[in-house]
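At position 146 of the sequence shown the residue is numbered 145 (numbering that gives the first Met the number 0), and the sequence of numbers has no breaks. Below: the structure, in structure tokens.
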Amino acid sequence: MANFLVLNGPNLNLLGTREPSHYGTESLDQIEASLRQLAKQDGAHLAFEQSNAEHLIVDRIHAAATDGTNFIIINPAAFTHTSVAIRDALLAVAIPFIEVHLSNVYKREAFRHKSYFSDVALGVISGLGSVGYEAAFMAGLRYLKSGDKS
Ligand code: DQA
Numbered sequence: 000m001a002n003f004l005v006l007n008g009p010n011l012n013l014l015g016t017r018e019p020s021h022y023g024t025e026s027l028d029q030i031e032a033s034l035r036q037l038a039k040q041d042g043a044h045l046a047f048e049q050s051n052a053e054h055l056i057v058d059r060i061h062a063a064a065t066d067g068t069n070f071i072i073i074n075p076a077a078f079t080h081t082s083v084a085i086r087d088a089l090l091a092v093a094i095p096f097i098e099v100h101l102s103n104v105y106k107r108e109a110f111r112h113k114s115y116f117s118d119v120a121l122g123v124i125s126g127l128g129s130v131g132y133e134a135a136f137m138a139g140l141r142y143l144k145s146g147d148k149s
């Protein structure tokens, strides 16, 4: 069974009203609902969570090591550019993950061009809005179904 953990970092609880020119008008609940629909179609299990606190994200990643999670989709939000702790947690549990950003961080301020995750992620999706989560889910599903885990 494909067990996905979708983790969302700080301020993503404000999606829908937060800087719509960067992040669109969909709320996080709407993004979750679309993903749940996809997961249902594909018989995958989905845990979908958001936190504004770095240590809670670290703790949730640790829990993923023993709760059957076999794929992580993470939008670390601002922690993308700052968090060695979340990077280390992902490396510690060694669960494959895709990094997602709603906005194209490379079109934005230089400080957003640095990610603590991209070099250890299976892949990175940036700039496709909420479709990025769906693309990450499809890619994760294919990854888990294929024998190729390289
Ligand atoms: C973001 C991009 C980050 O730079 C920013 O801090 C966010 C959201 C995105 O989804 O585009 O909060 O991860």
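Each residue gets a CB set at the ideal place from its N, CA and C atoms; glycine is no exception.
| Asked | Found |
| --- | --- |
| Touching by the beta-carbon criterion (3+ pairs, under 8 Å), the segment 124-144 and the segment 26-41 | yes |
| Extent of the continuous alpha helix (DSSP H) run through Glu53 | Glu53 to Ala63 |
| Nearest residue (CA-CA) to Val119, options Phe96, Ser129, Asn103 and Pro9 | Phe96 |
| Straight-line gap, Ser102 to Phe78 (C-alpha atoms, nearest Å) | 15 Å |
| Candidates Ala109, Asn12, Leu34 and Ser20: closest to Ser26 by CA position | Asn12 |
| DSSP three-state assignment for Asn74, whether helix, strand or coil | strand |
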